[in-house]
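Below is one structure; the comments refer to it alone.
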Amino acid sequence: MTPRGLDRFAWAWPLGTVLALVGVWHLLVASGLVAGYLLPSPGKVMRAIARITGDGTLVTHLTPTLTASVVGWACGGLLATALAALVAEFRWVERSLLVHLLALQAIPKVALAPLVFLWLGFDIGGKVLLVTLICFFPVFANALAGFRSVDAGLLDLMRASGAGRWHTWRHVKLPATLPALFAGLEVSVAFALIGCVVMEFVGATRGLGFVIQDASSTYDLPLSFAAIIVLGVIGTAGNALLRWARGWLLPWERAGRSPAPQGAAGG
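Okay, here's the thing in structure tokens:
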């Protein structure tokens, strides 16, 4: 079978892995190696997912978690990209802000959750703020590395052609940075869900984090596992969507070449 033919069945590899893991999980519980009250069987978890889907509980709790995660992820990504561009472009911005941004990153964001809860409450505002803070640095670090790794030859070509700063940034620096930027955005998808769930642990009446916390307190492990699996599906879907967007926006990656400058005059 040709490599292209193998690519058509790329989905079969992760599916096979999942089925194997579920099989091992079932055998561990069915054989008694792991007690059922510690690890519910896959069947019980699937029934819990079906139950909360059928009675509307899933939609009720999924909506606030998904909304806060997406809004916070977008805010963190936009802020990080803008600051990375400024730090890379202007030396005075780097000298003024970079040390403070690194100090902010050193603070465990989870430790800020109780403070954010006190400041903004347990509504969407607090969750968005914590998710924004958690998602900021992975995107910032990758975007900054991308901006600083632009081919010096291309920059010299743009300067020799009389291109201005904005024209060079738009047509050379930004396209060259997109691969690193997308890498940071993909990493921050998982961080967004973590930040949102942590805030829902601290204090919330809706959300998947609340479901996990409430189910654990009543020893409803199938429901806890159901909510965790839903979070995993959300993270996987988010990364798949980003990979699709990356392939659409970065066609030169598929062709195995570097982006060419899209203009050499003006500015």
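In my numbering, each residue carries its 1-based index in the sequence shown increased by 17.
For each residue, glycine too, the CB sits at the ideal point set by N, CA and C.
**Proximity to Cys213 [Cα-Cα], best of Arg176, Arg182 and Lys144** = Here residue 213 corresponds to residue number 196 of the sequence shown, with the count starting at 1. With distances taken between Cα atoms, Cys213 lies closest to Lys144.
**Asked** Whose C-beta lies closer than 7 angstroms to the C-beta of Ala200 among residues of the same chain, with five residues either side of it excluded?
**Response** Taking the sequence shown and counting its residues from 1, the one referred to as residue 200 is at position 183. Counting only Cβ-Cβ distances below 7 angstroms, and skipping sequence neighbours, we find Asn159.
**Request:** Tell me whether the beta-carbon of Val156 lies closer than 7 angstroms to the beta-carbon of Leu202.
**Result:** Counting from 1 along the sequence shown, the entry for residue 156 is found at position 139. Counting from 1 along the sequence shown, the entry for residue 202 is found at position 185. Contact: yes.
**Request:** Note the first and the last residue of the continuous alpha helix (DSSP H) segment covering Gly138.
**Result:** Numbered from 1 along the sequence shown, position 121 holds the residue referred to as residue 138. Neither: Gly138 is in no alpha helix (DSSP H) and is coded neither H nor E.
**Asked** CB Pro130 to CB Met216, shorter than 7 angstroms?
**Response** Taking the first residue of the sequence shown as 1, we reach residue 130 at position 113. Taking the first residue of the sequence shown as 1, we reach residue 216 at position 199. The sequence shown places Ala at residue 130, rather than the Pro named in the question. Yes. Within cutoff.
**Message:** Please report the straight-line C-alpha distance between Leu132 and Leu146, rounded to a whole angstrom.
**Reply:** Residue mapping note: residue 132 aligns to position 115 of the sequence shown, counting from 1. Residue mapping note: residue 146 aligns to position 129 of the sequence shown, counting from 1. Note on geometry: alpha-carbon atoms of Leu132 and Leu146 lie some 11 angstroms from one another.
**Request:** Give a yes or no on whether the C-beta atoms belonging to Ala243 and Val62 are separated by under 7 angstroms.
**Result:** Here residue 243 refers to the residue found at position 226 when the sequence shown is read from its first residue. Here residue 62 refers to the residue found at position 45 when the sequence shown is read from its first residue. Yes. Within cutoff.
**the segment 223-239 contacting the segment 69-79, beta-carbon criterion three pairs below 8 angstroms** = Under the Cβ criterion (8 angstroms, minimum of three pairs), the segment 223-239 counts as touching the segment 69-79.
**Request:** Less than 8 angstroms between the CB atoms is what I'm expecting for Val189 and Leu161, so what's the real figure, rounded?
**Result:** As a working mapping, residue 189 is identified with position 172 in the sequence shown. As a working mapping, residue 161 is identified with position 144 in the sequence shown. At roughly 16 angstroms, the Cβ-Cβ gap does not stay under 8 angstroms, so Val189 and Leu161 are not in contact.
**Classification of Leu248 by the beta-carbon crowding that lies within 10 angstroms, buried from 16 upward** = Here residue 248 corresponds to residue number 231 of the sequence shown, with the count starting at 1. By the 16-neighbour rule on beta-carbons within 10 angstroms, Leu248 is buried.
**Item:** As assigned by DSSP and simplified to three states, the class of Arg223
**Value:** Counting from 1 along the sequence shown, the entry for residue 223 is found at position 206. Reduced to three states, the DSSP call for Arg223 is coil.
**Request:** Just tell me which of Gly33, Gly53 and Gly94 has its CA closest to the CA of Tyr236.
**Result:** Reading the sequence shown from its first residue, position 219 is the one you call residue 236. Considering only alpha carbons, the answer is Gly53.
**Prompt:** Within this structure, are the beta carbons of Gly267 and Leu195 separated by less than 7 angstroms?
**Reply:** Numbered from 1 along the sequence shown, position 250 holds the residue referred to as residue 267. Numbered from 1 along the sequence shown, position 178 holds the residue referred to as residue 195. Before going further, note that residue 267 is Leu rather than Gly in the sequence given. Contact flag set, yes.
**Cβ shell of Val104 (< 7 angstroms), same chain only, five flanking positions each side left out** = Within the sequence shown, numbered from 1, the residue matching residue 104 stands at position 87. Cβ within range, chain order: Val110, Glu111, Leu114, Leu115 and Leu161.
**Message:** Under DSSP, the alpha helix (DSSP H) around His43 begins and ends at which residues?
**Reply:** Here residue 43 refers to the residue found at position 26 of the sequence shown. For His43, the enclosing alpha helix (DSSP H) begins and ends at Ala29 to Ala47.
**Prompt:** How about Leu50: is its C-beta nearer than 7 angstroms to some C-beta of chain D?
**Reply:** Within the model displayed, chain D is absent; a lone protein chain is all it includes.
**Request:** Express the C-alpha separation of Gly163 and Ile245 in angstroms, rounding to a whole number.
**Result:** Here residue 245 refers to the residue found at position 228 of the sequence shown. Here residue 163 refers to the residue found at position 146 of the sequence shown. C-alpha of Ile245 to C-alpha of Gly163: approximately 34 angstroms in a straight line.
**Those runs of the beta strand (DSSP E) which lie wholly inside the segment 49-132 and span at least 3 residues** = DSSP runs (the beta strand (DSSP E)) wholly in the segment 49-132: none.
**Prompt:** If Leu259 sits next to Val206, beta carbons under 8 angstroms apart, how far is it from one beta carbon to the other, in whole angstroms?
**Reply:** As a position in the sequence shown, residue 259 is number 242, starting the count at 1. As a position in the sequence shown, residue 206 is number 189, starting the count at 1. Right, their Cβ atoms sit about 7 angstroms apart.
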